[in-house]
Amino acid sequence: MIPASFDYVRADSLDQATGLLERHGDGAKVLAGGHSLLPLMKLRLAVPEVLVDIGRIPGLSYVRDGGDHLAVGALTTHDEIARSPLVGSQLPLLAHVAGQIGDPQVRHRGTIGGSLAHGDPASDLPAVVLALRGTLVLRGPGGSREVDSEAFHLGFLETAVAPDEILTEIRLPKMGELGWGFEKLTKRAQDWAIVGAVAARLDGDGSTAIALINVGPVPARALAAEAALEAGSSPAEAAARADDGIEVSGDLNASEAFRRHLTRVLVGRALEKALV
Amino acid sequence: MSILGNRVLRREDPKLLTTGGTYVGDLDLPSALSLTFVRATIAHGRILGVDSKDAKRAPGVVGVFTCDDMGLAPMPPSMAFLNQAMARPLLASGVVRYVGEAVVAVVAESAAAATDAAELVVIDYEPLAVVVDPLEALKDETLLFPEVGTNNCFELQFGHDDRFFEGCDVVVRQRIINQRVAPCPLETRAAAALLEGDGRLLFYSSTQSAHGVRDTLASSLDLAKESIHVITPDVGGGFGAKATVYPEDVVTAWCARRLGRPIVWSETRSESMLGLGHGRAQVQDVEIGGTRDGRILAYRIDVVQDAGAYPAIGAMLPFMTRTMATGVYDIARAEFNSTSVVTNTVPTVAYRGAGRPEAAAAIERAMDCYAAEIAMDPGELRRKNLIAADVFPYTTPTGTEYDSGNYVPALDLALEMAGYPKLRADQQARRRAGGSRQLGIGLSSYVEITNGVPEGEYGAVEILPNGKAIVRTGTSPHGQGHHTSWAMLVADQLGIAMEDIEVIHGDTDLVPRGVGTFGSRSLQIGGAAVNQAAIEVVDKARALAADLLEADVADIVLDKPGATFHVAGTPSISRGWAELAQASLERAGEPLMAEVDLPTAGATFPFGTHVAVVEVDTETGQVRLVSHVAVDDAGRILNPLLAEGQVHGGIAQGAAQALVEEFSYDAAGNPLTGNFADYSIISAAELPSFDAAFTETPTPRNALGAKGIGESGTIGSTPAVQNAVVDALSHLGVRHVDMATTPERVWLAIQAARADAGNGTKSRKGAA
Ligand SMILES: Cc1cc2nc3c(=O)[nH]c(=O)nc-3n(C[C@H](O)[C@H](O)[C@H](O)COP(=O)(O)OP(=O)(O)OC[C@H]3O[C@@H](n4cnc5c(N)ncnc54)[C@H](O)[C@@H]3O)c2cc1C
Chain A
1 MIPASFDYVR
11 ADSLDQATGL
21 LERHGDGAKV
31 LAGGHSLLPL
41 MKLRLAVPEV
51 LVDIGRIPGL
61 SYVRDGGDHL
71 AVGALTTHDE
81 IARSPLVGSQ
91 LPLLAHVAGQ
101 IGDPQVRHRG
111 TIGGSLAHGD
121 PASDLPAVVL
131 ALRGTLVLRG
141 PGGSREVDSE
151 AFHLGFLETA
161 VAPDEILTEI
171 RLPKMGELGW
181 GFEKLTKRAQ
191 DWAIVGAVAA
201 RLDGDGSTAI
211 ALINVGPVPA
221 RALAAEAALE
231 AGSSPAEAAA
241 RADDGIEVSG
251 DLNASEAFRR
261 HLTRVLVGRA
271 LEKALV
Chain B
1 MSILGNRVLR
11 REDPKLLTTG
21 GTYVGDLDLP
31 SALSLTFVRA
41 TIAHGRILGV
51 DSKDAKRAPG
61 VVGVFTCDDM
71 GLAPMPPSMA
81 FLNQAMARPL
91 LASGVVRYVG
101 EAVVAVVAES
111 AAAATDAAEL
121 VVIDYEPLAV
131 VVDPLEALKD
141 ETLLFPEVGT
151 NNCFELQFGH
161 DDRFFEGCDV
171 VVRQRIINQR
181 VAPCPLETRA
191 AAALLEGDGR
201 LLFYSSTQSA
211 HGVRDTLASS
221 LDLAKESIHV
231 ITPDVGGGFG
241 AKATVYPEDV
251 VTAWCARRLG
261 RPIVWSETRS
271 ESMLGLGHGR
281 AQVQDVEIGG
291 TRDGRILAYR
301 IDVVQDAGAY
311 PAIGAMLPFM
321 TRTMATGVYD
331 IARAEFNSTS
341 VVTNTVPTVA
351 YRGAGRPEAA
361 AAIERAMDCY
371 AAEIAMDPGE
381 LRRKNLIAAD
391 VFPYTTPTGT
401 EYDSGNYVPA
411 LDLALEMAGY
421 PKLRADQQAR
431 RRAGGSRQLG
441 IGLSSYVEIT
451 NGVPEGEYGA
461 VEILPNGKAI
471 VRTGTSPHGQ
481 GHHTSWAMLV
491 ADQLGIAMED
501 IEVIHGDTDL
511 VPRGVGTFGS
521 RSLQIGGAAV
531 NQAAIEVVDK
541 ARALAADLLE
551 ADVADIVLDK
561 PGATFHVAGT
571 PSISRGWAEL
581 AQASLERAGE
591 PLMAEVDLPT
601 AGATFPFGTH
611 VAVVEVDTET
621 GQVRLVSHVA
631 VDDAGRILNP
641 LLAEGQVHGG
651 IAQGAAQALV
661 EEFSYDAAGN
671 PLTGNFADYS
681 IISAAELPSF
691 DAAFTETPTP
701 RNALGAKGIG
711 ESGTIGSTPA
721 VQNAVVDALS
731 HLGVRHVDMA
741 TTPERVWLAI
751 QAARADAGNG
761 TKSRKGAA
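So the sequence lines, in the order shown, correspond to chains A and B. For the first sequence, the numbering used here gives the first residue as 1, with consecutive numbering after it. For the second sequence, the numbering used here gives the first residue as 1, with consecutive numbering after it.
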């Protein structure tokens with residue numbers, strides 16, 4: 001469990017960090033909470049030449065009221081999100097999901113930025129961001145840009161974050177009292193979801209969004225089920241279509257067939273809670 | 001008032017919980033080198049070449065060795081009745097037989113340097129056909145040792161009687177997979193070796209048997225036992241898997257001798273998952289026959305044991321399964337047959353219970369299948385067939401003699417503690433309501449064998465001139481609390497305060513002989529030896545006191561509260577332990593001490609009943625253990641706190657096997673659960689608070705009346721939890737779910753039962 005040797009730089013500012021990333025290109029990796037990256041390095045599945053530690057850059061850990069949305073700094077830990085009164089009142093779904101991640105140790109180290117940037121379909125927070133149609137703010141050497149959650153996840157462990165970019169902020173529309181449901185089947189309390197589902201009522205047109213956790217290679221929305229609801233189907237009918245058109249993987253914990261079944265069951269349960 | 005039977009706090013804990021223990025990996029050995037291994041990445045293959053040029057040149061590397069470099073003979077299977085032709089080379093030689101097998105040893109100035117260098121070793125393999133499934137291995141189509149001509153490494157074949165089930169109204173059959181699990185002690189394997197000034201080898205080992213390590217090292221390295229000194233620092237668990245000496249241990253010692261510098265080998269968790277032996281791994285076919293009204297007449301079990309790539313203790317576990325095959329039931333006829341086969345997987349060894357949990361799981365599942373078939377309550381079926389209290393010692397149809405037992409009260413107490421009638425009513429109510437969360441209640445009445453090996457144990461008590469006592473024991477605690485228990489025993493005999501009694505174990509220079517700690521033997525043989533030594537030292541002291549007080553020995557009494565000897569009736573004139581120890585040195589020129597090599601008077605048979613309650617989500621297949629009642633009887637209990645600790649840990653591990661733990665391979669022999677992200681070691685979050693109680697039926701086979709408690713929790717809990725899962729689904733037509741009862745297995749079982757019901761077939765109906 002000893003990683004290959006690497007250089008380590010602690011960045012003091014975003015500019016310094018993006019400069020380092022630009023200089024080192026693909027050989028560099030951003031280090032935030034380290035709870036996804038360090039295990040991969042210890043298994044020597046990730047072998048970066050340089051780690052750019054952004055953990056001490058000031059001003060990246062916050063929850064701000066942006067009027068119609070909340071802006072969450074990338075370095076905000078799962079635990080901080082779970083305990084934030086602002087998140088608790090405006091985005092209880094996010095607080096609840098963050099509070100269920102891994103175990104207390106993981107929640108105290110892991111960050112929302114790391115969770116999104118890692119692009120792991122088994123992670124919980126990407127599903128929340130996808131369901132709520134969040135916006136991600138990326139900062140590169142040339143400045144900042146905003147990316148729609150729809151366009152953020154490109155493939156397995158692959159996101160829109162370029163090698164010289166840093167995810168700085170996640171913006172999510174406030175939900176207030178709107179209904180939501182979160183279902184996560186785990187083998188043990190601390191485990192990643194075998195399958196998870198997020199359902200959330202959206203403001204405005206009153207539609208309901210559904211996003212899936214650990215179903216396929218990319219965090220995905222259950223578009224067929226969403227459309228069914230839109231067309232007036234009952235939650236149960238919509239849930240029966242939760243895995244329609246979704247690429248579903250099989251693994252040690254769930255074959256493809258079982259995972260499809262779980263997806264339908266958990267979406268059904270999440271919808272029941274969201275639509276009361 | 002005797003201290004025995006009291007909840008004395010563990011004296012080991014303050015250090016472990018504050019500054020922490022000193023494990024092999026914590027040793028500060030100046031100028032020590034680190035040893036690591038290049039391990040096989042394929043399950044079966046011929047080694048065509050090993051290129052270690054780059055590794056040898058890598059920074060900090062001191063030595064890179066293959067099996068040929070070492071020139072040591074392979075380790076033969078440790079027991080003579082295992083196929084001796086299947087010897088295990090210390091490093092793979094010519095062929096690798098499982099993923100994780102050590103092929104090359106790399107020694108460097110630091111662990112990081114050794115790990116980096118190990119990555120540079122290139123091994124060229126010619127892949128060979130792989131066999132992972134023991135049932136496939138049985139066919140001998142793919143052979144691990146072609147020169148031997150079979151994968152069979154051990155068998156117990158007594159044949160089948162065609163008319164075995166004659167007279168039975170009902171015969172129920174079930175195939176049961178007792179899955180492979182990884183023992184996962186918190187401390188992984190570790191060893192350190194160095195040469196002392198006088199040329200002796202000092203070897204630190206994370207083991208359950210210091211003397212066993214010494215003896216095996218001596219034979220493997222062709223050294224005299226006296227030239228090896230083994231020390232066991234704190235050991236972070238073993239569960240039976242550390243009762244074995246591993247090739248890596250021998251290589252560590254060899255490197256220290258070869259390089260003349262201290263060597264430390266401390267494996268990572270990922271290595272440990274493929275290096276420390278695995279446990280269980282049986283395929284069982286059980287058949288139980290009896291009358292319609294619930295009287296068992298005949299029980300048959302056929303076992304295929306997966307031994308892994310090299311036969312070790314795991315290969316002979318069916319012997320223990322046979323020993324305990326018929327469990328707590330009075331069954332007239334029993335048949336047991338087994339074959340152990342090698343496969344391209346991690347070798348199997350002893351794991352908490354070692355062969356007995358497999359026996360209990362088989363018959364307890366069979367009992368529930370039988371109960372379901374005749375529609376009888378599983379509690380009633382058990383009560384009807386329990387061996388009666390007045391027939392002990394009782395000899396089973398497989399020839400095992402149970403010492404003592406009283407099975408009905410344990411069953412009754414467990415059902416009472418669980419609130420059994422109310423549980424059944426709750427279950428009915430849930431079934432009627434028809435929701436997705438169904439309740440299951442599982443019973444397991446078990447008996448097991450402890451202190452099953454023929455060896456005795458060493459114990460000594462010495463009184464120091466300052467009046468304090470030193471206890472030397474041949475047992476090898478690694479979490480059990482012998483420092484507390486042995487001090488209690490000695491304090492009780494001598495009247496010396498516990499804090500003035502030091503216990504020494506696990507140092508082959510300080511303790512002349514020893515067997516070790518495994519098979520739940522320690523208290524009843526090692527503790528009994530210490531107890532006997534204490535009695536003998538009191539006798540010696542009494543004789544000395546008689547001399548000093550110029551009185552007759554018969555008139556000398558030990559005043560335990562005062563820790564003094566005096567003539568009966570005249571307590572004012574007395575001699576204390578310090579004076580007597582000094583007198584012994586002055587008069588006899590020897591310390592006041594007694595040494596005992598206590599022979600075993602035979603195995604003992606703890607028993608009990610566990611009741612587990614689970615909630616099963618019939619839509620997702622998820623199982624939650626809601627409550628677990630354990631009534632265990634391990635004879636007389638010395639320290640209930642320690643006994644409960646053993647029970648609680650045992651239940652956790654046993655429930656884990658039923659619920660989540662399983663070591664898996666793909667068909668090519670690649671491990672799928674090689675780290676703690678994938679292998680589901682259970683945590684407190686998945687478990688309820690346990691409800692544990694004891695009944696006490698002493699054994700006549702030792703002076704303490706004690707039986708072993710170390711493995712009962714594991715043996716009793718697994719079938720209770722598994723039976724509970726099946727019970728939760730029985731109204732849906734499910735008769736069996738294999739372990740681990742994961743969401744997918746539960747879901748598949750429900751699907752299959754529904755399909756059966758749909759087809760109008762009735763599942764698994766046996767006929768006489
Ligand atoms: C035992 C355990 C259990 C867990 N269980 C769960 C679970 O149930 N659910 C769940 O969702 N997660 C779980 N996790 C993962 C955890 O939430 C991680 O913390 C998270 O996925 C990554 O966040 P991090 O800050 O640790 O990122 P790091 O590990 O530091 O980084 C992860 C990746 O993202 C990149 N990165 C990080 N931050 C940025 C940034 N701001 N901009 C650009 N790139 C960045 C890194 O370069 C790296 O590639 C678990 C982790 C562990 C160890």
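Note that beta-carbon positions come from the ideal geometry of N, C-alpha and C, so glycine has one too. Model, not experiment: these values are computed from the prediction.
> Can we say the stretch 333 to 348 of chain B touches the stretch 362 to 376 of chain B, given the rule of at least three CB pairs closer than 8 Å?
Replying inline: no
>> I'd like the span of the alpha helix (DSSP H) that includes His24 of chain A, first residue to last.
In response: 14 to 24
>> Excluding the 5 residues flanking Gly261 of chain B on each side, which residues of the same chain have their C-beta closer than 8 Å to its C-beta?
In response: Just to set this straight, residue 261 of chain B is Arg in the shown sequence, not Gly. These residues qualify, in order along the chain: Ser31, Ala32, Leu33, Val62, Leu194.
> What are the uninterrupted segments assigned as alpha helix (DSSP H) that are 4 or more residues long and contained completely in the stretch 116 to 170 of chain B, given in chain order?
Replying inline: 134 to 137
>> For ligand 1, I want to know if Leu37 of chain A counts as a neighbour, meaning its beta carbon is within less than 7 Å of at least one of the ligand's heavy atoms.
In response: yes
> Per the contact definition of three or more C-beta pairs closer than 8 Å, is the stretch 279 to 298 of chain B in contact with the stretch 697 to 710 of chain B?
Replying inline: no
>> Between Arg180 of chain B and chain A, is the shortest Cβ-Cβ distance under 8 Å, so that the two count as touching?
In response: no
> Between the beta-carbon of Pro77 of chain B and the beta-carbon of Ala312 of chain B, is there less than 8 Å?
Replying inline: yes
> Phe6 of chain A CB to nearest chain B CB: under 8 Å?
Replying inline: no
> Given that a residue counts as buried once 16 or more other Cβ atoms are within 10 Å of its Cβ, and exposed if not, what is Ser13 of chain A?
Replying inline: exposed
> When we look at the beta-carbon of Phe158 of chain B and count the other beta-carbons within 10 Å, is it buried (16 or more) or exposed?
Replying inline: exposed
>> Check whether the stretch 667 to 677 of chain B and the stretch 733 to 751 of chain B are in contact - that is, three or more C-beta pairs closer than 8 Å.
In response: no
> Using a threshold of 7 Å, is the CB atom of Ser123 of chain A nearer than that to any non-hydrogen atom of ligand 1?
Replying inline: yes
> Glu401 of chain B by DSSP, collapsed to three states: which one?
Replying inline: strand
> Within the present structure, is the beta-carbon of Lys560 of chain B separated from the nearest heavy atom of ligand 1 by less than 7 Å?
Replying inline: no
>> ligand 1 and Asp251 of chain A: does any heavy atom of the ligand fall closer than 7 Å to the residue's C-beta?
In response: no
> chain A partners of Asp116 of chain B, CB-CB under 9 Å?
Replying inline: Ile2, Ala4, Ser5
> In chain order, what residues of the same chain lie with their CB nearer than 7 Å to the CB of Ala668 of chain B, ignoring the 5 residues before and after it?
Replying inline: Ala43, Val130
> Do we get a CB-CB distance below 8 Å when we pair Ala189 of chain A with the residues of chain B?
Replying inline: yes
>> Under 7 Å: does the beta carbon of Val72 of chain A sit that close to some heavy atom of ligand 1?
In response: no
> Mind checking Thr695 of chain B: buried by the 16 CB within 10 Å criterion, or exposed?
Replying inline: buried
> In terms of DSSP beta bridges, what is Pro671 of chain B paired with?
Replying inline: B:Tyr665
>> Residues of chain A with CB closer than 7 Å to the CB of Leu672 of chain B, please, in chain order.
In response: Leu252
> Which runs of the beta strand (DSSP E) fall wholly inside the stretch 207 to 233 of chain A and span at least 3 residues, in chain order?
Replying inline: 208 to 213
>> If contacts are defined as beta-carbon pairs under 8 Å, then Thr473 of chain B and His505 of chain B qualify, I think. What distance do you get, rounded to the angstrom?
In response: 5 Å
> Are the stretch 203 to 213 of chain B and the stretch 223 to 237 of chain B in contact at 8 Å, needing three or more beta carbon pairs?
Replying inline: yes
>> Counting only C-beta atoms, is Phe156 of chain A closer than 8 Å to chain B at any point?
In response: no
> Are the stretch 96 to 111 of chain A and the stretch 138 to 155 of chain A in contact at 8 Å, needing three or more beta carbon pairs?
Replying inline: no
> Any idea what DSSP makes of Phe690 of chain B, helix, strand or coil?
Replying inline: strand
>> I'd like to confirm something about Arg109 of chain A: is its beta-carbon nearer than 7 Å to some heavy atom of ligand 1, or not?
In response: yes
>> On the criterion of 16 or more Cβ atoms from any shown chain inside 10 Å, does Val391 of chain B qualify as buried, or is it exposed?
In response: exposed
>> Check whether chain A comes within 8 Å of Ser689 of chain B, counting only Cβ atoms and requiring the distance to be less than that.
In response: no
>> Quick check on this structure: which residue in B:Thr564, B:Ser93, B:Arg46 has the alpha carbon closest to the alpha carbon of Ala491 of chain B?
In response: B:Thr564
>> I'd like the list of long-range same chain contacts for Val161 of chain A, defined as Cβ closer than 7 Å, with 5 residues on each side in sequence excluded.
In response: Ala117, Leu138, Leu167
> Residues in its own chain within less than 6 Å of Val515 of chain B by CB, not counting five upstream and five downstream?
Replying inline: Glu455, Glu457, Gly474
> What are the start and end residues of the beta strand (DSSP E) that includes Gly608 of chain B?
Replying inline: 607 to 617
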